Amino acid sequence: MRGLRNPERLAASSATGLIILLIFALLTVGGSATEPNQDITCSSENPGDCYPKVFQATDEFQVIREGQDVPHGLHVRLDVTTGKKEAKLNDPNEKDPVLEGLPIDSSMVVVESEQGSEDVPSVPKGAPAYEPVGKIKAPQTENQAFYDSLTVLKTLSLDDRPIDAALSILKDIAHDIYYGLKVAEDANAVKELLCMMSSQDLFAKTIDDEAVTQAGDAAYIIGSALQNNQKALFEVEKSWADISKTKCAGTDRTFSDLVFNSLVPDTPPSDEAARSEGKQLSLTKAKSSALRGLIKSPVIRDDFLANGGMAQILKILTLERPELVADQQKLANLVMDNFLDEDMGATLGVWPRAGDVDHDWDYKLKDVAKLHKADKGHWSTELWKRLQEQRRISEAAKGTRKHEDL
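Residues -33 to -1, 1 to 373 in mature numbering (1 follows the signal peptide of the UniProt record, and there is no 0) are what the sequence shown spells out, letter by letter.
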């Protein structure tokens, strides 16, 4: 007769088995929980189409999906045939065949100097002195998508060019001081952006909203590229004589007249155009940003004045729209800093000009200042004061005296 099993050994064996099962269960749960814990995002067009929030790079180019975050250091490009952004692990020695057959921009070619050539003076005798603003350091890894986008922007012969994607990429990066300079150095790109933002049909009631959005993006890129970037402004100024000869498509107006006289509609929007008014105001704001960057150059400023640009600024300043208050303040500062406040670097006597050419400023700005007289700190009060001071100086120089109070 077989004896009974030892109860203590049986209990120990059962306990050991239970512990093993628990460990296995925990490992299984832990392993399965690791995957779903990763952040995901979904397509706005198909909520069921979800993918990792952070782009997962490989050695091959993959499309960057909507809403994905792209880690730094990857090779990002714009597929000019599809308009989609792609990325992969960076290989600095690899050549990109995507742009084969498209025009080559010579400004992107880097010519290596011969060894020791930096020790040899290259400035001709008697050449004017050049004072560099300061060298702008290039990033460790160039953004290929940026250069692809510039190429798309300038390839006018391709009707199906992915312009929206190109503008989106340029808009995201133009604020960077290095890439802002690269935009400014490319005169053809600057021409295209200025023409795009200045189409005379942009404020028409029948204009496609997409065209207004593209124009706003173009203006935003110009403003971002020039903001706090003196070297970029110098490059645009250097090319302005050539840029200003540009003939924009679809208009017989001169380039400067078109660029500096299309900040606001000539007439208030009709009822039929009310749905587009919000986009048009956004376009006015974006154009104002571009203008603030451009007229810091004396060369471009003089062209702006010669083509009636101050009348456009006055139109914006006299619009009673809450959406424009911040931009009106910036434009008021622009007028003071460039024309009326010597402490801020203004060259006095450039504007207002003698005679009746800027007469509207006197009475229209006075009306705005009176309307906001109770609003302490409103931009119109200080601007009106500065304008009257400059008028008084000009009239004293001519031996006359005229001054108005609010």
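Each residue gets a CB set at the ideal place from its N, CA and C atoms; glycine is no exception.
Note that the structure is a prediction, hence the values are computed from the model and not measured.
- Per DSSP, the continuous beta strand (DSSP E) segment holding Ile7 begins and ends at 7 to 9.
- In the displayed model, Cys17 falls within a strand according to three-state DSSP.
- Of the candidates Val335, Gln357, Trp328, Asp310, the residue whose Cα lies closest to the Cα of Val317 is Gln357.
- For Val335, the enclosing alpha helix (DSSP H) stretches over residues 326 to 338.
- Within its own chain, the residues whose Cβ lies closer than 8 Å to the Cβ of Asn110, once the five positions on either side in sequence are excluded, are Val43, Ile140, Tyr146, listed in chain order.
- Ala154 places its beta carbon less than 8 Å from that of Ile210.
- Note on geometry: alpha-carbon atoms of Pro289 and Ala24 lie some 45 Å from one another.
- Taking the Cα of Ser135 as reference, the smallest distance to any Cα among Gln296, Ile144, Leu120 is reached at Leu120.
- In the structure shown, the three-state DSSP call for Ala273 is helix.
- By the Cβ test, the region 200 to 208 is not in contact with the region 163 to 170, since fewer than three Cβ pairs between them sit closer than 8 Å.
- Taking a cut-off of 8 Å on C-beta distances, the region 245 to 254 does not touch the region 262 to 277, as fewer than three cross pairs fall below it.
- Between the alpha carbons of Glu33 and Tyr114 lies a distance of about 21 Å.
- Excluding its 5 nearest sequence neighbours in each direction, Val231 has C-beta neighbours in its own chain below 8 Å: Phe170, Thr251, Gln279, Lys282, Ile283, Leu286, listed in chain order.
- About 6 Å separates the beta carbons of Ile103 and Leu148, which is inside the 8 Å limit, making them a contact pair.
- Check the Cα spacing between Thr348 and each of Lys331, Ala363, Asn195, Ala364: the tightest is with Lys331.
- For the set Lys55, Val157, Met164, Lys158, the Cα lying nearest the Cα of Ala112 is the one of Lys55.
- For the options Met163, Ile188, Gly190, the alpha carbon positioned closest to that of Glu177 is the one of Met163.
- By the C-beta density criterion, Asn274 is buried, having at least 16 other C-beta atoms within 10 angstroms.
- Here DSSP, grouped into helix, strand and coil, assigns Glu152 to helix.
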